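Everything on this sheet refers to the single structure shown next.
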Amino acid sequence: MSAKKLCCALLLLAGMNQVFAGDTPDSLVAGYVAEASATTPGFTVSGQRGKSFFLKEWGVSDKMPTCNACHGKNLKIEGKHVVTDKIIKPMDPSVNPERFSSSTKVEKWFKRNCKEVAGRECTPAEKADFIQFITHGG
Amino acid sequence: MNFLVALMLMVGCELAQAEVTIPPEPTNKKWKEECASCHMAFPPKFMSAKAWQRLMLGLEHHFGTNAALDPDDNKEILDFLQSNATEGTEFFALNHRISGTRYFKNNHSKVPNEAWTIELVKSRANCTACHIAAEKGNWKPVLDDSFFTGHLKY
Numbered sequence: 004m005s006a007k008k009l010c011c012a013l014l015l016l017a018g019m020n021q022v023f024a025g026d027t028p029d030s031l032v033a034g035y036v037a038e039a040s041a042t043t044p045g046f047t048v049s050g051q052r053g054k055s056f057f058l059k060e061w062g063v064s065d066k067m068p069t070c071n072a073c074h075g076k077n078l079k080i081e082g083k084h085v086v087t088d089k090i091i092k093p094m095d096p097s098v099n100p101e102r103f104s105s106s107t108k109v110e111k112w113f114k115r116n117c118k119e120v121a122g123r124e125c126t127p128a129e130k131a132d133f134i135q136f137i138t139h140g141g
Numbered sequence: 005m006n007f008l009v010a011l012m013l014m015v016g017c018e019l020a021q022a023e024v025t026i027p028p029e030p031t032n033k034k035w036k037e038e039c040a041s042c043h044m045a046f047p048p049k050f051m052s053a054k055a056w057q058r059l060m061l062g063l064e065h066h067f068g069t070n071a072a073l074d075p076d077d078n079k080e081i082l083d084f085l086q087s088n089a090t091e092g093t094e095f096f097a098l099n100h101r102i103s104g105t106r107y108f109k110n111n112h113s114k115v116p117n118e119a120w121t122i123e124l125v126k127s128r129a130n131c132t133a134c135h136i137a138a139e140k141g142n143w144k145p146v147l148d149d150s151f152f153t154g155h156l157k158y
């Protein structure tokens, strides 16, 4: 391979990296599990706990008492924001591959939505369980 | 003679077209990405630097939702908004809304109150309901007063 071709290939790879942030639902879960294990030795992820979390009535926000208030209960179809009417793309990555593909985006939305619905930031354990439930059921 | 008239018309058209050419609006990738993920990325020119600062300081409570950004992104977007803002008290609103500015109110004084809540419009934040090409920088409204009057009869 010539130096020029190599450069092109490297540039292409760098470009792809921008499009796909390189994260997958499972790699994100693994990251959060590692974080949770640091404070809770022996932590194992649970889709079932994630489901309870998703449906839990937090009693913090009148309009957004639960995650599913906006995201709906069918994860394969669009949700609708109860305040703004904004259409929210499906949560399930099998129908919306963009979902859980960038840790930056995932962190941004956990930060916003956890504070709004739960009244506090979510723990790494909760984040792991949440993504586990959305992608593998609970 | 006919040829001359045609030529003059053509030149006239060219000139007319040149007159309505819209200069490109200032843009910023992060501004577009973050703001437009929930609503139209409202152009910086519709508020003053001070108004944008107040708005961007309160993103955790952004008209009923949490739109918090990380500090670096917040700064980059605020810088962009402020450097392209329009100064003057008519571009400032205490309620943080573009629709609260005198500039907005003066330019929408003929829109009947009921028009803002019909299904097609929903809210004053939904610019593109009437200004269909707004996102391309063309703010000419396609729905004029007569449309609203006709529509609201039903």
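Here the protein sequences line up with chains A and B, keeping their order. All residue numbers for the first sequence refer to my numbering, where the first residue is 4 and numbers rise by one. All residue numbers for the second sequence refer to my numbering, where the first residue is 5 and numbers rise by one. Cβ coordinates follow ideal geometry from the N, Cα and C atoms, glycine included. These numbers come from a predicted model, not from an experiment.
Taking the continuous alpha helix (DSSP H) assigned at residue i, which residues delimit it?
i	result
Ala72 of chain B	From DSSP, Ala72 of chain B is part of no alpha helix (DSSP H); its letter is neither H nor E.
Leu59 of chain B	53-61
Ser106 of chain A	106-120
Leu31 of chain A	28-42
Ile137 of chain A	127-139
Phe57 of chain A	50-58
Ala72 of chain A	71-74
Glu37 of chain B	33-39
Phe108 of chain B	106-111
Using a Cβ-Cβ cut-off of 8 angstroms (strictly less than) and excluding sequence neighbours within five positions of residue i, which residues of its own chain qualify?
i	result
Lys89 of chain A	Lys83
Arg58 of chain B	His100
Lys54 of chain B	Phe96
Ser40 of chain A	Phe46
Lys34 of chain B	Asp77, Glu80, Ile81, Phe84
Ser106 of chain A	Ala24, Asp26, Leu31, Gly34
Counting only Cβ pairs nearer than 8 angstroms, list the residues of chain B close to residue i.
i	result
Thr69 of chain A	Those do not exist, as Thr69 of chain A stays about 16 angstroms from chain B at its closest Cβ, beyond 8 angstroms.
If you drop the 5 nearest sequence neighbours on each side, which residues of the same chain put their C-beta closer than 6 angstroms to that of residue i?
i	result
Pro48 of chain B	Leu85, Asn88, Ala89
Tyr3 of chain A	Since the first residue of chain A shown is 4 and the last is 141, residue 3 of chain A is not available in this structure.
Gly104 of chain B	Ala97
Ala138 of chain B	Cys131, Thr132
Gly53 of chain A	Asp132, Phe133, Gln135, Phe136, Gly141
Lys126 of chain B	none
Excluding sequence positions up to five away, which residues of its chain have a Cβ less than 7 angstroms from the Cβ of residue i?
i	result
Gly119 of chain A	Contrary to the premise, residue 119 of chain A reads as Glu rather than Gly in this sequence. Correct list, in chain order: Ser64, Met67.
Cys11 of chain A	Reliability of the predicted coordinates at Cys11 of chain A is poor, the pLDDT of 45 falling under 50, and the value obtained from them is presented with this limitation in mind. No residues qualify anywhere along the chain.
Glu38 of chain B	Leu73, Asp77, Ile81
Cys117 of chain A	Arg123, Glu124, Cys125
Ile91 of chain A	Cys73, His74, Glu81, Gly82, Lys83, His84
Val98 of chain A	Lys79
Output, in chain order, the set of chain A residues within a Cβ distance shorter than 9 angstroms of residue i.
i	result
Cys42 of chain B	His84, Thr87, Lys89
Using 7 angstroms as the threshold, is the C-beta distance between residue i and residue j below it?
i	j	result
Ser52 of chain B	Phe108 of chain B	no
Lys79 of chain A	Pro100 of chain A	no
Val85 of chain A	Ala72 of chain A	yes
Ile102 of chain B	Phe67 of chain B	no
Phe103 of chain A	Leu31 of chain A	yes
Cys134 of chain B	Pro116 of chain B	no
Arg115 of chain A	Asn111 of chain B	no
Taking Cβ-Cβ distances shorter than 9 angstroms, what residues in chain B pair up with residue i?
i	result
Lys3 of chain A	Outside the displayed range of chain A (4 to 141) lies residue 3 of chain A, so it cannot be described from this structure.
Lys114 of chain A	Asn70, Ala72, Asp74
Whose Cβ in chain B lies nearer than 7 angstroms to the Cβ of residue i?
i	result
Lys118 of chain A	Asn70
Name the chain C residues that come within less than 9 angstroms of residue i, Cβ to Cβ?
i	result
Lys114 of chain B	The structure shown contains no chain C; its protein chains are A and B.
The ligand GDP and residue i: does the residue's C-beta get closer than 6 angstroms to at least one heavy atom of that ligand?
i	result
Arg115 of chain A	For the ligand GDP, the structure offers nothing, since it holds no ligand at all.
Using a C-beta to C-beta distance shorter than 8 angstroms, which residues of chain A count as neighbours of residue i?
i	result
Lys126 of chain B	Asp88
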